[in-house]
Amino acid sequence: MSKRKQIVLSAALIIAAATVVGLYGRTTGQEETSGGMEGHVHGAVGGDDRSPVHLDGEKARRIGVTYSAAELKQLERTVRTVALVAYDETRVVNVNPKIDGWIEHLHVDFTGAPVRAGDPLLEIYSPALVSAQEELILAQTLVKETAEQPESRAAANARRLLESARRRLAYWDIPADQIARLESSAEPRRTLLLRVPANGIVIEKNVFEGTRIAPGMNVYRIADLSRVWVEGDVFEKDLSLVELGQMAMVRFEAYPGETFHGAVTYVYPTVSLEARTGRIRVELQNPDLRLRPGMYAEIEMNISSAMPRLVIPRSAVFGTGERMIVFVREEDGMLTPREVTPGLPVGLEVEILAGLQPGEVVVSSASFLIDAEANLGAAAQTMPGMEMEDSTAPSQTDHTGHGSEAH
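Numbering (the numbering used here), first residue to last: 72 to 478.
Structure representation (structure tokens):
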């Protein structure tokens, strides 16, 4: 097959493809002359390989082309995520005695028990505690014996020894009232009492009566549930919308029909590699303890843009694989492809960051048909010996002759 015949065959295939998608809609020669895509302006726009397209009103209605104007609007976007109730970590306390010993008696003996600061917690026997009590009583006796000579060196040493014995017991979390009772009775006790350090609920208990404990061992964990955290995972594309202080509505499966209100208090600085999500935290007051760690929840945030944003319908933006384009209707009726930079989608609209000005009119539906015509015009320019027909020429064109006359 000669080179000229190959060129003619390629041109015929391109025209046939355009006919299939219905851009020309030729059924008779008269329809071609009276309407349709008329007159192609050759040349790419903005570095794209698409040609501008002319489309009259009748043809636009026939193939369902509609138009929309780019406008400035206050965007409102809703971000939703599932979440879990968690403990407020700033209100969790570990109880870990600082001495060796044995648990003689538990005043709080089950997990889930509500406790208040200062309540009796456990009684512990420890040889070190017994020795410390004896030192305290001995120091107190020395102070009494040297009371008649308060300025003497012996009296000063006795007072320092007494203060040291008191301080040692206090550092071991022995309550001040028990230390005072030891001094008044002057008799060491086999066990000493430890008290609850904070209000809350016992969420972990690791000892029983008779258990031996060592310094640093976590005996209890107590959590104050009057305030809880609700933590959820937000998709990466929505993370930029969430800010500290953002108000959120929280709903729970356990309480249908009820809505709780809180604020975003923290946005975690990492993103999950597997799920491509980032974690956020909402704090809720929980005075009645109805919200329990582990409950499922749904977080909803209605976010409004600080400034009006330029938006167009999402259907107007056409992806080419390398760039995003829209077709802008010019004053002379030409549909010109133009590259744009889209922002976040909001419902049926999308924000445009660059490439359009307010008031410009774009094709909002059937963009793929316009794109096919624009590609056809660009392809015809690159075909050797091929020229696009003039809209004023007769419609019954012999494509073979058209290709053969180009030299």
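Ideal Cβ positions, reconstructed from N, Cα and C, are used throughout, including at glycine. Computed from a predicted structure; not experimentally measured.
Limits of the alpha helix (DSSP H) - the one that residue i falls within
| i | result |
| --- | --- |
| Val214 | Pro198 to Glu216 |
| Ala229 | Arg224 to Tyr242 |
| Arg252 | Ala247 to Ser256 |
Extent of the continuous beta strand (DSSP E) to which residue i belongs
| i | result |
| --- | --- |
| Gln356 | Thr348 to Gln356 |
| Pro327 | First-last for Pro327: undefined, no H or E at that position. |
| Arg298 | Arg298 to Phe306 |
| Leu146 | Counting along the chain, Leu146 falls outside any beta strand (DSSP E), and DSSP gives it neither H nor E. |
| Val179 | It is not in any beta strand (DSSP E) - Val179 carries neither H nor E in the DSSP assignment. |
| Val434 | Val432 to Val434 |
Rounded C-alpha distance that separates residue i from residue j
| i | j | result |
| --- | --- | --- |
| Ala140 | Glu147 | 19 Å |
| Glu205 | Leu192 | 24 Å |
| Thr182 | Ala425 | 60 Å |
| Gly189 | Val273 | 14 Å |
| Val112 | Ile423 | Confidence in Val112 is poor, its pLDDT being 35 and thus under 50, which makes the residue's placement unreliable; the coordinate value appears in the next sentence. One C-alpha to the other measures close to 26 Å. |
| Arg347 | Phe306 | 6 Å |
| Ala325 | Gln428 | 49 Å |
| Val397 | Arg352 | 39 Å |
| Ala387 | Glu420 | 9 Å |
| Trp300 | Pro268 | 22 Å |
| Ala319 | Ala184 | 32 Å |
| Trp243 | Ile195 | 11 Å |
| Arg239 | Leu213 | 18 Å |
| Pro385 | Glu369 | The sequence shown places Arg at residue 385, not Pro. Distance between the alpha carbons of Arg385 and Glu369: 28 Å. |
| Val179 | Glu280 | 11 Å |
| Phe331 | Leu355 | 8 Å |
| Ser311 | Gly333 | 19 Å |
| Gly303 | Leu155 | 7 Å |
| Gly328 | Ala247 | 50 Å |
| Arg187 | Val164 | 12 Å |
| Gly96 | Thr341 | Model confidence at Gly96 stands at a pLDDT of 41, short of 50, so the residue's coordinates are unreliable; what they give is reported in the following sentence. Approximately 55 Å between the Cα atoms of the pair. |
| Ser536 | Leu264 | Since the first residue of the chain shown is 72 and the last is 478, residue 536 is not available in this structure. |
| Ala203 | Arg162 | 32 Å |
| Ala229 | Ile174 | 33 Å |
| Arg394 | Pro364 | 47 Å |
| Leu177 | Arg266 | 11 Å |
| Pro286 | Ser376 | 55 Å |
| Pro259 | Ser235 | 17 Å |
| Gly135 | Glu129 | 10 Å |
Counterpart residues of residue i in DSSP-defined beta bridges
| i | result |
| --- | --- |
| Glu371 | Arg151 and Met320 |
| Ala269 | Ala269 pairs with nothing; no bridge assigned. |
| Met378 | According to DSSP, Met378 bridges with nothing at all. |
| Val163 | Ala294 |
| Ile284 | Gly172 |
| Thr412 | Ala425 |
| Glu420 | Pro384 and Val417 |
| Arg400 | Leu406 |
| Thr262 | Tyr196 |
| Met395 | Gly390 and Val411 |
| Lys479 | For the chain, the structure presents residues 72 to 478; residue 479 sits outside this window and is missing. |
| Tyr158 | Val299 |
| Val313 | Answer by DSSP bridge pairing: none, since Val313 is not bridged. |
| Val335 | Val353 |
Supposed close pair residue i, residue j - CB separation, criterion 8 Å
| i | j | result |
| --- | --- | --- |
| Ala316 | Val335 | Per the sequence shown, the amino acid found at residue 316 is Gly instead of Ala. About 7 Å separates the two Cβ atoms, so the contact holds. |
| Leu233 | Gln211 | 6 Å |
| Asn167 | Val290 | 6 Å |
| Tyr337 | Val153 | 18 Å between Cβ atoms; not a contact. |
| Ala199 | Ile170 | 5 Å |
| Arg566 | Leu143 | In the structure as shown, the chain begins at 72 and stops at 478. Residue 566 is therefore absent and cannot be evaluated. |
| Leu296 | Asn373 | No, Leu296 and Asn373 are not in contact; Cβ-Cβ is about 28 Å, not under 8 Å. |
| Val432 | Val399 | 7 Å |
| Met378 | His125 | Their Cβ separation, rounded to whole angstroms, is 37 Å, which puts Met378 and His125 out of contact at 8 Å. |
| Pro123 | Thr407 | 5 Å |
| Val313 | Val417 | Between Val417 and Val313 the Cβ distance is about 15 Å, and since that is not below 8 Å, they are no contact. |
Buried versus exposed call for residue i [16 or more other C-beta atoms within 10 Å across all chains shown]
| i | result |
| --- | --- |
| Arg292 | buried |
| Glu371 | exposed |
| Arg261 | exposed |
| Leu362 | buried |
| Asp403 | exposed |
| Thr412 | exposed |
| Leu344 | exposed |
| Ser435 | buried |
| Leu207 | buried |
| Arg237 | buried |
| Thr98 | Any reading at Thr98 needs caution, since the residue's pLDDT is 37, under 50, leaving its predicted position unreliable; the model's value is listed next. Burial call: exposed. |
| Glu219 | exposed |
| Arg283 | exposed |
| Thr137 | exposed |
| Asp159 | buried |
| Gly172 | buried |
| Arg409 | buried |
| Lys215 | exposed |
| Ala227 | exposed |
Test: residue i CB closer than 7 Å to a CB of chain D
| i | result |
| --- | --- |
| Ala184 | Any reference to chain D falls outside this structure, which holds one protein chain only. |
Closer than 6 Å: residue i CB and nearest the ligand MG heavy atom
| i | result |
| --- | --- |
| Pro416 | Inclusion of the ligand MG in the displayed structure is not the case, the ligand content being empty and no account of it being possible. |
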